[in-house]
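Quick note: to get my numbering, add 62 to the position in the sequence shown (first position is 1).
Don't be surprised by glycine CBs; every beta carbon is placed ideally from N, CA and C.
One structure below.
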Amino acid sequence: MKITVVVVGLLIVLAVLAAWYGQRWIRMRRGGGVSVALRWRPDNPRSSWHLGLGRYEGDEFVWYRVWSLRTGADRVFQRESMQIADRRDPSGTEAYAVPEGSTVLRCESETQEAIEIAMGPGALTGFLSWLESAPPGRRLPRAS
């Protein structure tokens with residue numbers, strides 16, 4: 063009897079988590095999203111890549127980590143303060159941690175810490191177009 067109660071309890075918990083995660087996944091994919099790997103604190107040799115989905119919401123680029131228990135976006139970046147400081151190809155083993163064919167962009171911001179974003183060719187084109195399509199009067203991003 064006790065084992066049955068424990069098993070039923072575990073099944074209920076798993077069902078709730080599956081429903082919650084399914085809802086999060088649908089919410090992330092709604093409105094289109096691009097596969098993006100993100101690494102914050104790129105100067106720290108212990109920092110690692112995290113896979114996720116990025117979405118454009120007006121002047122914000124919102125990023126949802128694939129495996130996360132958060133209900134909303136994990137990171138939000140403002141277009142007006144984001145600048146590209148460097149562009150490179152993935153090196154060594156990081157090629158396995160980022161989407162296939164990715165280019166790595168080091169992005170700096172006046173309001174947030176530096177990050178690295180890795181995305182494939184199609185997502186990169188969209189990201190650069192979004193970044194450069196700011197209203198008149200905004201500084202253009204630096205490119206190395």
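Grab me the residues of residue i's own chain with a C-beta within less than 7 Å of its C-beta, minus the 5 sequence neighbours each way, in chain order.
{"i": "A135", "result": "V124, W125, Y126"}
{"i": "F189", "result": "M181"}
{"i": "P152", "result": "V160, S164, V166, A180"}
{"i": "L113", "result": "A99, V128"}
{"i": "E170", "result": "Q145, A147, A176"}
{"i": "R150", "result": "V166"}
Leaving out five residues on either side along the sequence, give the residues of the same chain with a beta carbon under 8 Å from the beta carbon of residue i.
{"i": "A81", "result": "none"}
{"i": "G163", "result": "G182, P183"}
{"i": "E172", "result": "S143"}
{"i": "L115", "result": "M90, R91, G95, V96, S97, V98, W125, Y126, V128"}
Residues in the same chain with beta-carbon distance under 6 Å from residue i, minus the five sequence neighbours each way, listed in chain order, please.
{"i": "L186", "result": "T165"}
{"i": "P203", "result": "With a pLDDT of 48 at P203, under the threshold of 50, the modelled position of this residue cannot be trusted; read the value that follows with caution. Hits under 6 Å: Q145, I146, L193."}
{"i": "A159", "result": "W111"}
Could you tell me which of the options sits nearest to residue i, measuring between CA atoms?
{"i": "Q145", "options": "E178, V98, T66", "result": "E178"}
{"i": "W192", "options": "E122, I74, S171", "result": "E122"}
{"i": "V96", "options": "E172, E170, P161", "result": "P161"}
{"i": "R108", "options": "E156, E172, E170", "result": "E156"}
{"i": "R212", "options": "G84, T66, E119, K64", "result": "The chain is shown only over 63 to 206; residue 212 falls outside these bounds and no answer can be derived."}
{"i": "F139", "options": "L131, G154, R117", "result": "R117"}
{"i": "V78", "options": "I65, R150, L131", "result": "L131"}
Just reading off the beta strand (DSSP E) that residue i is part of, what are its end residues?
{"i": "E122", "result": "122-127"}
{"i": "V96", "result": "96-102"}
{"i": "G116", "result": "112-119"}
State the beta-bridge partners of residue i as determined by DSSP.
{"i": "D148", "result": "R168"}
{"i": "V138", "result": "V124"}
{"i": "I179", "result": "L100, L167"}
Hey, quick one: how far does the alpha helix (DSSP H) through residue i stretch, first residue to last?
{"i": "A185", "result": "183-194"}
ask   = If we count Cβ pairs, one from each stretch, closer than 8 Å, do we get three or more for the stretch 98-118 versus the stretch 157-176?
value = yes
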